[in-house]
Amino acid sequence: MDARPTDPAEEWPLPPVWMFDCRVCVELYKDMKRAPEVVDAAFAEGGPGVDHDPMDAIVSTQIRLSQHIATRHTEEVPEADSGCERCVTDVTGGQMPRALVLEHRARHLFAPPSIVGLM
Ligand SMILES: [Zn+2]
Ligand SMILES: [Zn+2]
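To convert, count from 1 in the sequence shown and add 33; that's our numbering.
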C-alpha cells in the first residue's frame, strides 16, 4: 500500500484521447512516464552521493513531448490556465516567445501542476 498522502498538485493527469491516436505522442509519453522510474533505479543502484542527473532525464522527455504537441498538435494546445502563474504572466504581457508559451501550455495536458509551473 502506498501510504503517502496524495497532493492534487502532484497528480499526473490522464492525457487526452487524441494523444493515444498519435504514435509519436504515445512513444514520448511512455518515455516520460518511465523516466522517473529509470532515475529511481539508477539511484537505488548507485546509492547516495552519486549524481545521476535525474532531473535531466525527466525534464528532457517532457520537453520533447511538449515541443511535439506545440508544433504538431497546435490546435489541441489548451488555453491559458487561470490557476497557473506562468500562464497568467504570459497572458498579461509576458515576454515569452509564442512557441515557448505553447510548449508550456501543452505541458498542462500531461504533467502534474507542480511540475508544469516549473517550466
Ligand atoms: Zn503527437
Ligand atoms: Zn501554465
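The beta carbon of each residue, even a glycine, is placed where N, CA and C say it ideally should be.
A quick note: this is a predicted structure, and the numbers were derived from the prediction, not measured.
Put simply, the segment 39-58 touches the segment 97-114. At least three CB pairs are less than 8 angstroms apart.
Check the Cα spacing between Y62 and each of P48, A74 and A75: the tightest is with P48. Taking the Cα positions, D73 is about 30 angstroms away from G116. The nearest non-hydrogen atom of ligand 2 is less than 7 angstroms from the C-beta of C117. Within the same chain, Cβ atoms closer than 6 angstroms to the Cβ of L135 are found at A103 and V110, the five residues on either side in sequence being excluded. Not one heavy atom of ligand 1 is found less than 7 angstroms from the C-beta of R138.
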